[in-house]
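Student: Attaching a single structure in structure tokens format; questions to follow.
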Amino acid sequence: MSPSKLDSTDSFGHEEASVSCSKPENGCVDSLSIFHSEKAVEELLQQTPVAGMDEHLIEFSEALRTVAKALRRAAEGKASAQAEAAEWKWRYELERTRNIQMEQKARMAEQFSAEKNGDLDCERVKNSDNQSMLQNESNEHSETGCMKHGIWSHEVLRDRESDSNSNADRNKIMRKASFKLSWWCNGENGDQHKHDIVSFERGNITTAERSSKQISLKWESDPQTVLILTKPNSVSVRILCVQMVRWLRERKKLNVYVEPRVKVELLAESSNFSYVQTWKDDSEISHLHMKVDLVITLGGDGTVLWAASMFKGPVPPIVPFSLGSLGFMTPFHSEHFKDCLDSVLRGPISITLRHRLLCRVVRDAAKNEYETEEPFLVLNEVTIDRGISSYLTNLECYCDNSFVTCVQGDGLILSTTSGSTAYSLAAGGSMVHPQVPGILFTPICPHSLSFRPLILPEHVTVRIMVPFNSRSPAWASFDGKDRKLLAAGDALLCSMAPWPVPTACQVDSTNDFLRSIHDGLHWNLRKTQSFDGPRDRDL
1 MSPSKLDSTD SFGHEEASVS CSKPENGCVD SLSIFHSEKA VEELLQQTPV
51 AGMDEHLIEF SEALRTVAKA LRRAAEGKAS AQAEAAEWKW RYELERTRNI
101 QMEQKARMAE QFSAEKNGDL DCERVKNSDN QSMLQNESNE HSETGCMKHG
151 IWSHEVLRDR ESDSNSNADR NKIMRKASFK LSWWCNGENG DQHKHDIVSF
201 ERGNITTAER SSKQISLKWE SDPQTVLILT KPNSVSVRIL CVQMVRWLRE
251 RKKLNVYVEP RVKVELLAES SNFSYVQTWK DDSEISHLHM KVDLVITLGG
301 DGTVLWAASM FKGPVPPIVP FSLGSLGFMT PFHSEHFKDC LDSVLRGPIS
351 ITLRHRLLCR VVRDAAKNEY ETEEPFLVLN EVTIDRGISS YLTNLECYCD
401 NSFVTCVQGD GLILSTTSGS TAYSLAAGGS MVHPQVPGIL FTPICPHSLS
451 FRPLILPEHV TVRIMVPFNS RSPAWASFDG KDRKLLAAGD ALLCSMAPWP
501 VPTACQVDST NDFLRSIHDG LHWNLRKTQS FDGPRDRDL
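The numbers in UniProt numbering rise by one with no breaks, and the one at position 14 of the sequence shown is 14.
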């Protein structure tokens, strides 16, 4: 190669290097410039014979390739940094939205406290005819306590007794706090809530938009009694329980109930906890809902299940603190328990009404479906499986006397929507918002390629029967315990229970649910797609 050609080639190579290595915006070269620089080097190498090429030009081309690779790695690092920045921005917006909602709830609390003396009842009617109608309705529904704009607690306060009773007699009576449930949307009180889901105004069928509204609990009288349930065999839970009991008694002047096991632990800690109350036998547990205004759980989802199982009827509002593993139903953190309980006791608070299943076992020898054993209330799911048998489970399934299918596999799960993130999820069922009323019908390892899970409406009754041609019996378990043998001819009836479990929300039911599946299951978590790659051509 002549010196002139070498000089021209060398100057051309330096010119390409100056173009490809020019400093772009944001201090990083884009993928297009990297592509052009590499292409220029390839063209240079193809045009010039390798045999006559000087050593410094070869070294320059190799160095240029190294620079291109370094720039590509820098671009990938920038994309990763942008993805991380976007995630932090999303977290900041979420926290900002949460703070705004807390401020709105605080303003609502101030408004409610200002109206507390003059607004204990629902909105009075304006004429005497409507007033008499309301009185008749209140007499007919005195036990359920349904009112115009919300749901009232079923207990009737004794605060309105005559003033002639002595103070000693009043102290003997355990008063039950009253509260009111109302629908609200976007932090506003739902005064225009419609009880009728479907209306037929002017011959047109319309539905009320209830799905977009949250449920708010407003105390009509101050809570006086709190029940604390704890996870056993945990040192951290025991320390927190001691602090919480002392704070509730000394600062809030509340009556505190605990389990007999916990009272023994508290008395071993200090004899000053003699004011803590408990129960002696199971018969007293059945009357707890008449004494307790609020339930506090210290543990995980299992502690919430245990708290719900203690109440065979109405359940007081539950404030669950997260001291477990996943915590789908425990949104509150123990580090800020004073602020959380202050907000709950002051009210109003958002709650999630978690539906339960009422399960009854009907034996083959029973004369009718009403001759059953003691019913079970489950918050997560009831499971019918093959137990220790090596044969397939054979189950006939009916929905309101309509045949559904015959399950041949390891078993079947009938789950609530709150339990959709538990066993049903592991068996391939869908995750469902806990306030969606429905029954999840999820098979366990079915011996079929077309057996997909179902979601049934809340008003149906599901009947699971072991046919007489089954090779083995089945076993039913309720929230993972209380296993029952189902022999040939026996049946299990499941329907929606009339007593939901109200759990307090940190923000609202939707926010808590989405945060639980993000934090607990890392739902839809993957690396962000790199921006430098094949793209659609600009039209």
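The beta-carbon is built from N, C-alpha and C at its ideal position, and this holds for glycine as well.
Just so it is clear, the structure is predicted and the values come from calculations on it, not from any experiment.
Return the chain-ordered list of same chain residues with a C-beta closer than 8 Å to the C-beta of VAL50, the five sequence neighbours on each side being excluded.
Tutor: Residue 50 sits at position 50 when you count from the first residue of the sequence shown. Note that VAL50 scores 49 on pLDDT, short of 50, meaning its location in the model is unreliable; the coordinates nonetheless yield the value given after this. Result list for VAL50: empty, nothing under 8 Å.
Student: Give the straight-line distance between the Cα atoms of ASP10 and SER80, rounded to the nearest whole angstrom.
Tutor: Stepping through the sequence shown from its first residue, residue 10 is reached at position 10. Stepping through the sequence shown from its first residue, residue 80 is reached at position 80. Low confidence applies here, because ASP10 scores a pLDDT of 43, under 50, leaving its location unreliable and the question unanswered by this model.
Student: Please name the residue in ARG249, VAL256, GLU250, VAL235 whose C-alpha comes closest to that of ILE228.
Tutor: Here residue 228 corresponds to residue number 228 of the sequence shown, with the count starting at 1. Closest option to ILE228, Cα to Cα, is VAL256.
Student: For the pair the segment 409–424 and the segment 371–382, tell me if three or more CB-CB distances fall below 8 Å.
Tutor: Touching, per the Cβ criterion.
Student: What do you get for PHE403, buried or exposed, if any count of 16 or more other CB atoms within 10 angstroms of its CB means buried?
Tutor: Taking the first residue of the sequence shown as position 1, residue 403 is located at position 403. PHE403 is exposed by the Cβ-count criterion.
Student: With DSSP as the reference, identify every bridge partner of PHE441, one or two as the case may be.
Tutor: Residue 441 sits at position 441 when you count from the first residue of the sequence shown. Looking at the DSSP assignment, PHE441 forms a beta bridge with LEU414, LEU454.
Student: How should CYS406 be labelled, buried or exposed, when 16 other C-beta atoms within 10 angstroms of its C-beta is the threshold for buried?
Tutor: Translated into positions along the sequence shown, residue 406 becomes position 406. Result: exposed.
Student: Enumerated in chain order, which unbroken segments of the beta strand (DSSP E) with a length of 3 residues or greater are wholly contained in the segment 475–523?
Tutor: For the segment 475–523, whole beta strand (DSSP E) runs of length 3 or above, ordered along the chain, are 481–486, 491–496, 501–504.
Student: So, does the segment 384–393 touch the segment 473–484, judging by three or more C-beta pairs under 8 Å?
Tutor: Enough Cβ pairs lie closer than 8 Å, so yes.
Student: Assuming PRO181 and LEU217 are in contact, meaning their beta carbons sit under 8 Å apart, how far apart are those beta carbons, in whole angstroms?
Tutor: Numbered from 1 along the sequence shown, position 181 holds the residue referred to as residue 181. Numbered from 1 along the sequence shown, position 217 holds the residue referred to as residue 217. Looking at the sequence itself, residue 181 is Leu, so the reference to Pro does not match. With a Cβ gap of about 6 Å, LEU181 and LEU217 count as contacting.
Student: When burial is assigned at 16 or more other CB atoms within 10 Å of the CB, is ASP536 buried or exposed?
Tutor: Position 536 of the sequence shown, counted from the first residue, corresponds to residue 536. Exposed, since its Cβ has fewer than 16 Cβ neighbours within 10 Å.
Student: Could you tell me the distance, in whole angstroms, from the CA atom of ILE517 to the CA atom of THR442?
Tutor: In the sequence shown, the residue the question calls residue 517 occupies position 517. In the sequence shown, the residue the question calls residue 442 occupies position 442. Cα to Cα, ILE517 sits roughly 20 Å from THR442.
Student: Compute the Euclidean distance between the alpha carbons of GLN529 and LEU449, then round it to the nearest angstrom.
Tutor: In the sequence shown, residue 529 corresponds to position 529, counting from 1. In the sequence shown, residue 449 corresponds to position 449, counting from 1. Looking at the two C-alpha atoms, the distance is approximately 33 Å.
Student: What is the residue span of the alpha helix (DSSP H) that ARG535 lies within?
Tutor: On the sequence shown, position 535 is the one that residue 535 refers to. Counting along the chain, ARG535 falls outside any alpha helix (DSSP H), and DSSP gives it neither H nor E.
Student: Which two residues bound the contiguous alpha helix (DSSP H) that contains LYS218?
Tutor: On the sequence shown, position 218 is the one that residue 218 refers to. Unbroken run through LYS218 is the beta strand (DSSP E), 214–219; no alpha helix (DSSP H).
Student: Thinking just about the alpha-carbon of each residue, which of MET310, GLN214, LYS527 is nearest to the one in VAL258?
Tutor: If you number the sequence shown from 1, residue 258 lands on position 258. Considering only alpha carbons, the answer is MET310.
Student: If THR372 and ARG360 are in contact, beta carbons under 8 Å, what's the gap, nearest whole angstrom?
Tutor: Within the sequence shown, numbered from 1, the residue matching residue 372 stands at position 372. Within the sequence shown, numbered from 1, the residue matching residue 360 stands at position 360. Correct: roughly 4 Å between the Cβ atoms.
Student: Whose C-alpha, out of TYR391, ARG346, ASN394, PRO500, is nearest the C-alpha of ALA109?
Tutor: Numbered from 1 along the sequence shown, position 109 holds the residue referred to as residue 109. Here the closest residue by C-alpha is ARG346.
Student: Are SER470 and ALA488 close, meaning C-beta to C-beta below 7 Å?
Tutor: Translated into positions along the sequence shown, residue 470 becomes position 470. Translated into positions along the sequence shown, residue 488 becomes position 488. Yes, these two residues count as a Cβ contact at 7 Å.
Student: Less than 6 Å between C-beta atoms, sequence neighbours within five positions excluded: which residues of the same chain meet that for LYS105?
Tutor: Counting from one through the sequence shown, the residue named residue 105 turns up at place 105. Taken in chain order, the list of residues that qualify is empty.
Student: Count the other CB atoms within 10 Å of the CB of HIS522; is the residue buried (16 or more) or exposed (fewer)?
Tutor: Counted from its first residue, the sequence shown places residue 522 at position 522. Answer is exposed; the Cβ neighbour count stays below 16.
Student: Pull up the distance between the alpha-carbon of CYS397 and that of LEU305, whole angstroms please.
Tutor: The sequence position of residue 397 within the sequence shown is 397, counting from 1. The sequence position of residue 305 within the sequence shown is 305, counting from 1. Whole-angstrom Cα-Cα distance: 27 Å.
Student: What are the start and end residues of the alpha helix (DSSP H) that includes MET244?
Tutor: Here residue 244 is taken as the residue at index 244 of the sequence shown, counted from 1. Taken as a continuous stretch (DSSP letters only), the alpha helix (DSSP H) holding MET244 covers 235–250.
Student: Which first and last residues belong to the beta strand (DSSP E) in which GLU396 is found?
Tutor: Here residue 396 refers to the residue found at position 396 of the sequence shown. Its beta strand (DSSP E) spans residues 393–399.
Student: Counting only C-beta atoms, is LEU288 closer than 7 Å to chain C at any point?
Tutor: The structure shown contains no chain C; it is built from a single protein chain.
Student: Can you check whether the CB of GLY520 is closer than 7 Å to the CB of PHE328?
Tutor: Translated into positions along the sequence shown, residue 328 becomes position 328. Translated into positions along the sequence shown, residue 520 becomes position 520. Closer than 7 Å, so yes.
Student: Comparing alpha-carbon positions, which option in PRO453, ALA68, ASP301 lies nearest GLY324?
Tutor: Here residue 324 corresponds to residue number 324 of the sequence shown, with the count starting at 1. The candidate whose alpha carbon is nearest that of GLY324 is ASP301.
Student: Mind checking who LEU227 pairs with in its DSSP beta bridge?
Tutor: The sequence position of residue 227 within the sequence shown is 227, counting from 1. BP columns for LEU227 point to TYR257, VAL295.
Student: At the level of alpha carbons, what is the spacing between ILE285 and TRP279?
Tutor: By 1-based counting over the sequence shown, the position of residue 285 is 285. By 1-based counting over the sequence shown, the position of residue 279 is 279. Their Cα atoms are separated by approximately 7 Å.
Student: Could you round the C-beta distance between LEU395 and LEU412 to whole angstroms and report it? I think they count as a contact, below 8 Å.
Tutor: Numbered from its first residue, the sequence shown carries residue 395 at position 395. Numbered from its first residue, the sequence shown carries residue 412 at position 412. Their Cβ separation, rounded to whole angstroms, is 6 Å, which keeps LEU395 and LEU412 in contact under 8 Å.
Student: According to the Cβ coordinates, are THR510 and PRO320 closer than 7 Å?
Tutor: By 1-based counting over the sequence shown, the position of residue 510 is 510. By 1-based counting over the sequence shown, the position of residue 320 is 320. Contact flag unset, no.
Student: Grouping DSSP H, G and I as helix and E and B as strand, with all else coil, what is PHE60?
Tutor: Along the sequence shown, read from residue 1 onward, the residue named residue 60 stands at position 60. Note: PHE60 maps to helix in three-state DSSP.
Student: Let me know if TRP90 comes out buried or exposed under the rule of 16 or more other beta-carbons within 10 Å of its beta-carbon.
Tutor: For this step, residue 90 is matched to residue 90 along the sequence shown. Exposed, because fewer than 16 other Cβ atoms sit within 10 Å of the Cβ of TRP90.
Student: Under the three-state reduction of DSSP, which class applies to HIS287: helix, strand or coil?
Tutor: Numbered from 1 along the sequence shown, position 287 holds the residue referred to as residue 287. Three-state result, HIS287: coil.
Student: So, for ASP482: in the same chain, excluding its five sequence neighbours on each side, which residues have a beta-carbon less than 8 Å away from its beta-carbon?
Tutor: Looking up residue 482 in the sequence shown gives position 482. Correct list, in chain order: PHE376.
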